[in-house]
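A.B. asks: As you go down the protein sequences, you meet chains A and B in turn. Using this note's numbering, read the first sequence as starting at 3 and increasing by one per residue. Using this note's numbering, read the second sequence as starting at 3 and increasing by one per residue. Each residue gets a CB set at the ideal place from its N, CA and C atoms; glycine is no exception. Just dropping this structure here.
Protein chains: 2
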Amino acid sequence: MKIYGLEDIKRVLPQIDLTPIIKEGFMAYSSGLSVVPPVGELLFEDPPGDVHIKYGYIQNDDYYVIKIASGFYGNHELNIPSSQGGMMILFDQKTGKEVGILIDQCYLTNVRTAIAGAICAELFAPNNLNCIGVIGTGVQARMQISYLSNLTNCKKIKVWGRGGKSVEKYIEEMSLLGWNIEKAQTTDEIAATCDLIITATPSKEPLLKSRNLKKGTHINAIGSDSPEKNEIDHQIFKMTDLIVADSISQCLERGEISHGIKGGSIEQKNIKELGSLIESKSDHRCQSNQITFADLTGVAVQDIQIAKAVFNACKRLEV
Amino acid sequence: MKIYGLEDIKRVLPQIDLTPIIKEGFMAYSSGLSVVPPVGELLFEDPPGDVHIKYGYIQNDDYYVIKIASGFYGNHELNIPSSQGGMMILFDQKTGKEVGILIDQCYLTNVRTAIAGAICAELFAPNNLNCIGVIGTGVQARMQISYLSNLTNCKKIKVWGRGGKSVEKYIEEMSLLGWNIEKAQTTDEIAATCDLIITATPSKEPLLKSRNLKKGTHINAIGSDSPEKNEIDHQIFKMTDLIVADSISQCLERGEISHGIKGGSIEQKNIKELGSLIESKSDHRCQSNQITFADLTGVAVQDIQIAKAVFNACKRLEV
Chain A
3 MKIYGLEDIK
13 RVLPQIDLTP
23 IIKEGFMAYS
33 SGLSVVPPVG
43 ELLFEDPPGD
53 VHIKYGYIQN
63 DDYYVIKIAS
73 GFYGNHELNI
83 PSSQGGMMIL
93 FDQKTGKEVG
103 ILIDQCYLTN
113 VRTAIAGAIC
123 AELFAPNNLN
133 CIGVIGTGVQ
143 ARMQISYLSN
153 LTNCKKIKVW
163 GRGGKSVEKY
173 IEEMSLLGWN
183 IEKAQTTDEI
193 AATCDLIITA
203 TPSKEPLLKS
213 RNLKKGTHIN
223 AIGSDSPEKN
233 EIDHQIFKMT
243 DLIVADSISQ
253 CLERGEISHG
263 IKGGSIEQKN
273 IKELGSLIES
283 KSDHRCQSNQ
293 ITFADLTGVA
303 VQDIQIAKAV
313 FNACKRLEV
Chain B
3 MKIYGLEDIK
13 RVLPQIDLTP
23 IIKEGFMAYS
33 SGLSVVPPVG
43 ELLFEDPPGD
53 VHIKYGYIQN
63 DDYYVIKIAS
73 GFYGNHELNI
83 PSSQGGMMIL
93 FDQKTGKEVG
103 ILIDQCYLTN
113 VRTAIAGAIC
123 AELFAPNNLN
133 CIGVIGTGVQ
143 ARMQISYLSN
153 LTNCKKIKVW
163 GRGGKSVEKY
173 IEEMSLLGWN
183 IEKAQTTDEI
193 AATCDLIITA
203 TPSKEPLLKS
213 RNLKKGTHIN
223 AIGSDSPEKN
233 EIDHQIFKMT
243 DLIVADSISQ
253 CLERGEISHG
263 IKGGSIEQKN
273 IKELGSLIES
283 KSDHRCQSNQ
293 ITFADLTGVA
303 VQDIQIAKAV
313 FNACKRLEV
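In structure tokens, the structure reads:
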């Protein structure tokens with residue numbers, strides 16, 4: 003068995019074009035070619051934390067993959083990242099034998115999440131963005147933006163965060179990377195001025211409200227991966243022309259869509275699944291009179307696809 | 003992070019008295035001191051296989067543990083064990099950081115399962131055993147017997163298995179270990195002559211029937227850990243004086259008890275939980291006019307307890 007750490011992983015990542023690989027995963031999922039059981043979840047109260055176990059396989063593939071990733075929200079007090087405990091494990095699909103471990107410390111989960119956001123931005127966000135709104139100042143708030151670089155010429159960002167210091171730090175760091183970035187006083191300011199909005203917090207109370215939200219906006223909701231997490235006021239769904247789930251079955255249990263269903267502002271029949279929309283190749287782009295929404299709770303096919311690609315690249319590099 | 007393989011694990015195991023450690027785990031579980039979500043399960047059709055992910059933690063303990071173990075039932079055609087792909091992973095309960103991996107290739111799962119069987123034999127089997135019946139000829143059919151050595155003077159075994167060759171091999175190997183062992187022609191012969199019966203197969207059809215089953219017998223059902231597996235004819239439960247589950251909630255979903263509930267031969271209120279019976283210290287031993295039954299589906303607390311003990315012993319050995 004081969005075990006690779008974060009250094010190996012970061013060394014091979016630039017060599018792999020992950021976007022088509024992750025797209026293939028979503029398509030396999032929506033075509034019923036994958037086996038993905040419900041997410042395993044382990045919760046902690048003090049300090050608060052959640053562990054997600056995502057696992058499954060694409061039929062007639064080489065491996066099955068079990069991915070572990072966690073968020074421990076007291077870690078910032080210890081000056082360590084909230085998401086640091088994690089790995090992706092590959093097993094032989096014919097014999098069950100373990101084949102490899104990528105001790106990625108949640109890094110690949112962050113990467114595949116950012117790529118899913120970029121895929122949705124590519125498919126759904128308006129063509130000419132004026133301003134990108136970011137709610138949250140953590141790792142995903144950074145990575146979602148980084149993975150947009152190749153998709154848009156828009157360099158203008160408004161960011162909102164709960165903590166003043168973390169917003170300042172975010173602005174400082176992202177400015178150095180060439181973004182023209184401003185602090186939003188409220189999430190309403192983001193709703194009123196941005197045409198691509200990314201929410202990337204572990205909030206349990208809605209942050210983005212329907213008031214002030216303008217037409218011609220696409221929203222990527224990234225933060226909510228547990229049933230209790232909720233960043234979007236579900237009233238927004240009443241104004242939304244296209245609601246996309248990375249996994250319909252999973253979004254009925256967790257993510258923003260689950261709150262919309264409970265609140266009566268979404269009907270299940272109106273939810274589209276990302277893999278089917280990638281497959282259909284129609285134009286689903288948000289028009290000036292529309293609002294579109296993508297709920298990205300994170301599906302095991304993303305983990306399966308990134309784990310295989312990175313593991314094979316690590317093996318090649320060794321030879 | 004520390005990673006230990008099967009050699010390290012086998013080296014430290016003789017130094018650890020695991021029985022009280024596993025008992026503590028069952029007691030913590032039944033007292034509500036542990037957090038153990040439902041078992042994660044991944045199924046394969048061709049070749050047939052199942053992967054179980056068991057995970058959780060004991061509150062205010064150092065670690066949480068995720069255990070992966072698999073059975074791939076076409077492996078015997080490749081001359082490799084059905085259960086070989088597996089590991090136990092320890093994480094820090096306060097920060098989520100990975101602490102260690104025991105790449106045990108399912109060995110520790112086999113050990114903790116055998117210990118649970120021995121604990122039930124100690125608590126429930128009649129005092130003076132005349133003959134131990136074994137249904138199955140695989141790894142657990144061997145290990146369950148090995149772990150009984152210290153508990154009983156009885157050396158007489160009857161074994162039944164589906165394959166003639168595997169029965170011969172079992173008899174040959176176990177005889178060398180000092181057991182006086184005979185082949186049973188039918189499972190009915192085992193029912194009629196044994197007072198401790200161990201079932202340890204992945205059967206999906208009941209093997210042990212109620213006809214011929216004599217009073218004064220304790221049954222340890224080991225093989226059924228998935229909803230579709232079933233070794234015991236549920237009519238047996240109508241004759242049973244004590245029905246014990248390693249986890250009541252888990253046995254309602256999987257294991258023999260789930261079939262008994264579905265078949266109407268068990269009422270949930272009559273199921274006792276192993277940890278509570280260990281705690282109560284009353285005498286639950288099978289009497290000459292009784293039949294007792296233990297359903298051992300395998301609970302994450304066993305994995306948590308054995309992983310911690312073995313990991314800490316491996317670390318000590320290194321120093």
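Closer than 7 Å by beta-carbon distance: list the chain C residues that pair up with Gly-42 (chain A), in chain order.
C.D. replies: Here chain C cannot be found, since the structure's protein chains are A and B.
A.B. asks: With H, G and I counted as helix, E and B as strand and the rest as coil, what does DSSP make of Glu-269 (chain A)?
C.D. replies: Correct three-state label for Glu-269 (chain A): coil.
A.B. asks: Please compile the residues from chain A whose C-beta is within a distance smaller than 8 Å of the C-beta of Lys-274 (chain B).
C.D. replies: By Cβ distance, chain A contributes nothing, its closest Cβ being about 27 Å from Lys-274 (chain B), past 8 Å.
A.B. asks: Ignoring anything shorter than 3 residues, give me the beta strand (DSSP E) runs that lie fully in the segment 119-146 of chain A, in order along the chain.
C.D. replies: Complete beta strand (DSSP E) runs here, min 3: 134-137.
A.B. asks: Where do the ends of the beta strand (DSSP E) carrying Glu-100 (chain A) lie?
C.D. replies: First-last of the beta strand (DSSP E) with Glu-100 (chain A): 100-104.
A.B. asks: Using alpha carbons as the reference points, say which of B:Gln-86, B:Gly-166, B:Leu-110 lies closest to Glu-100 (chain A).
C.D. replies: Of the listed residues, the one whose Cα sits closest to Glu-100 (chain A) is B:Gln-86.
A.B. asks: Can you grab the Cα-Cα spacing for the pair Ser-205 (chain B) / Lys-271 (chain B), in whole Å?
C.D. replies: Going from the Cα of Ser-205 (chain B) to the Cα of Lys-271 (chain B) covers about 27 Å.
A.B. asks: Using a C-beta to C-beta distance shorter than 7 Å, which residues of chain B count as neighbours of Lys-99 (chain A)?
C.D. replies: Within 7 Å Cβ-Cβ: Gln-86, Gly-87.
A.B. asks: Anyone know if the C-beta pair for Ile-221 (chain A) and Phe-313 (chain A) falls short of 8 Å?
C.D. replies: The answer is no: Cβ separation not under 8 Å.
A.B. asks: Taking His-220 (chain A) as part of the beta strand (DSSP E), name the residues at either end of that continuous run.
C.D. replies: Its beta strand (DSSP E) spans residues 219-223.
A.B. asks: How would you call Glu-207 (chain B), buried or exposed, if buried means at least 16 neighbouring beta carbons within 10 angstroms?
C.D. replies: It counts as exposed.
A.B. asks: If I measure Cβ to Cβ from His-78 (chain B) and keep anything under 7 Å in the same chain, skipping five residues before and after, which residues do I get?
C.D. replies: So the list reads Ser-84, once near-sequence residues are dropped.
A.B. asks: List the residues of chain A that Phe-313 (chain B) touches, going by C-beta distances under 8 Å, in chain order.
C.D. replies: Here the premise fails: no neighbours, minimum Cβ distance about 15 Å.
A.B. asks: Pick out the complete beta strand (DSSP E) segments inside the segment 35-68 of chain A, 3 residues or longer, and give them in chain order.
C.D. replies: Runs of the beta strand (DSSP E) inside the segment 35-68 of chain A: 42-46, 51-60.
A.B. asks: Output yes if chain A places a C-beta closer than 8 Å to the C-beta of Phe-93 (chain B); else output no.
C.D. replies: It does; some Cβ of chain A falls within 8 Å.
A.B. asks: Counting contacts by CB-CB distance shorter than 8 Å, is Met-3 (chain B) in contact with chain A?
C.D. replies: For Met-3 (chain B), the answer is yes, since a Cβ of chain A falls inside 8 Å of its Cβ.
A.B. asks: Grab the span of the alpha helix (DSSP H) containing Phe-93 (chain B) for me, first residue to last.
C.D. replies: Not the alpha helix (DSSP H): Phe-93 (chain B) falls in the beta strand (DSSP E), residues 88-94.
A.B. asks: Compute the Euclidean distance between the alpha carbons of Ala-123 (chain A) and Leu-104 (chain B), then round it to the nearest angstrom.
C.D. replies: Roughly 41 Å between the two C-alpha positions.
A.B. asks: Which residue or residues does DSSP assign as beta-bridge partners of Asn-182 (chain A)?
C.D. replies: DSSP output for Asn-182 (chain A) lists A:Lys-158 as bridge partner(s).
A.B. asks: Starting from the N-terminal side, write out each stretch of the beta strand (DSSP E) that is 3 residues or longer and does not extend beyond the segment 233-308 of chain A.
C.D. replies: Correct list: 244-247, 273-275, 293-297.
A.B. asks: Between the Cα of Trp-181 (chain A) and the Cα atoms of A:Ile-147, A:Asp-197, A:Lys-310, A:Ile-192, which residue gives the shortest distance?
C.D. replies: Here the closest residue by C-alpha is A:Ile-147.
A.B. asks: Tell me whether Gly-47 (chain B) is buried or exposed, calling it buried when 16 or more other Cβ atoms sit within 10 Å of its Cβ.
C.D. replies: It should be noted that the sequence gives Glu, not Gly, for residue 47 (chain B). The residue in question, Glu-47 (chain B), is exposed, as its Cβ has fewer than 16 Cβ neighbours within 10 Å.
A.B. asks: For Asp-285 (chain B), does the count of other Cβ atoms within 10 angstroms reach 16, so buried, or fall short, so exposed?
C.D. replies: The residue is exposed, with fewer than 16 neighbouring Cβ atoms inside 10 Å.
A.B. asks: Once the 5 residues before and after Ser-228 (chain B) are set aside, which same chain residues still bring their CB inside 7 Å of it?
C.D. replies: Here the set comprises Glu-43, Asp-52, Arg-256.
A.B. asks: Check whether the segment 105-125 of chain B and the segment 134-147 of chain B are in contact - that is, three or more C-beta pairs closer than 8 Å.
C.D. replies: Taking 8 Å as the limit for Cβ pairs, the verdict is that the segment 134-147 of chain B does touch the segment 105-125 of chain B.
A.B. asks: List, in order along the chain, the chain B residues whose C-beta lies closer than 9 Å to that of Ile-82 (chain A)?
C.D. replies: Per Cβ cutoff of 9 Å: Thr-97, Lys-99.
A.B. asks: Should Ile-121 (chain B) be labelled buried (16 or more other beta-carbon atoms within 10 Å of its own) or exposed?
C.D. replies: Ile-121 (chain B) comes out buried.
A.B. asks: Going along chain A, which residues have a C-beta under 8 Å from Ser-72 (chain B)?
C.D. replies: The contacting residues are Phe-93, Gly-98.
A.B. asks: If the criterion is Cβ atoms closer than 8 Å, does the pair Gly-218 (chain B) and His-236 (chain B) meet it?
C.D. replies: No, the Cβ-Cβ distance between Gly-218 (chain B) and His-236 (chain B) is not below 8 Å.
A.B. asks: Following the continuous alpha helix (DSSP H) through Thr-189 (chain B), name the residue where it begins and the one where it ends.
C.D. replies: Per DSSP, Thr-189 (chain B) belongs to the alpha helix (DSSP H) from 189-195.
A.B. asks: Consult DSSP for Gly-166 (chain A) and reduce its assignment to one of helix, strand or coil.
C.D. replies: Three-state DSSP puts Gly-166 (chain A) in a helix.
A.B. asks: Counting only beta-carbon atoms, is Tyr-65 (chain A) nearer than 8 Å to chain B?
C.D. replies: Tyr-65 (chain A) does not count as touching chain B.
A.B. asks: What does the alpha-carbon distance come out to for the pair Glu-275 (chain A) and Ser-151 (chain B)?
C.D. replies: Straight-line Cα distance between these residues: approximately 57 Å.
A.B. asks: Would you say Pro-49 (chain B) faces chain A, with C-beta separation under 8 Å as the test?
C.D. replies: It does: the Cβ of Pro-49 (chain B) has a partner Cβ on chain A nearer than 8 Å.
A.B. asks: Beta-carbon of Ile-362 (chain B) versus every beta-carbon of chain A: anything under 8 Å?
C.D. replies: With chain B represented from 3 up to 321, any question about residue 362 (chain B) goes unanswered, as that position is not in the structure.
A.B. asks: Could you compute how far the alpha carbon of Tyr-172 (chain A) sits from the alpha carbon of Ile-200 (chain A)?
C.D. replies: Going from the Cα of Tyr-172 (chain A) to the Cα of Ile-200 (chain A) covers about 15 Å.
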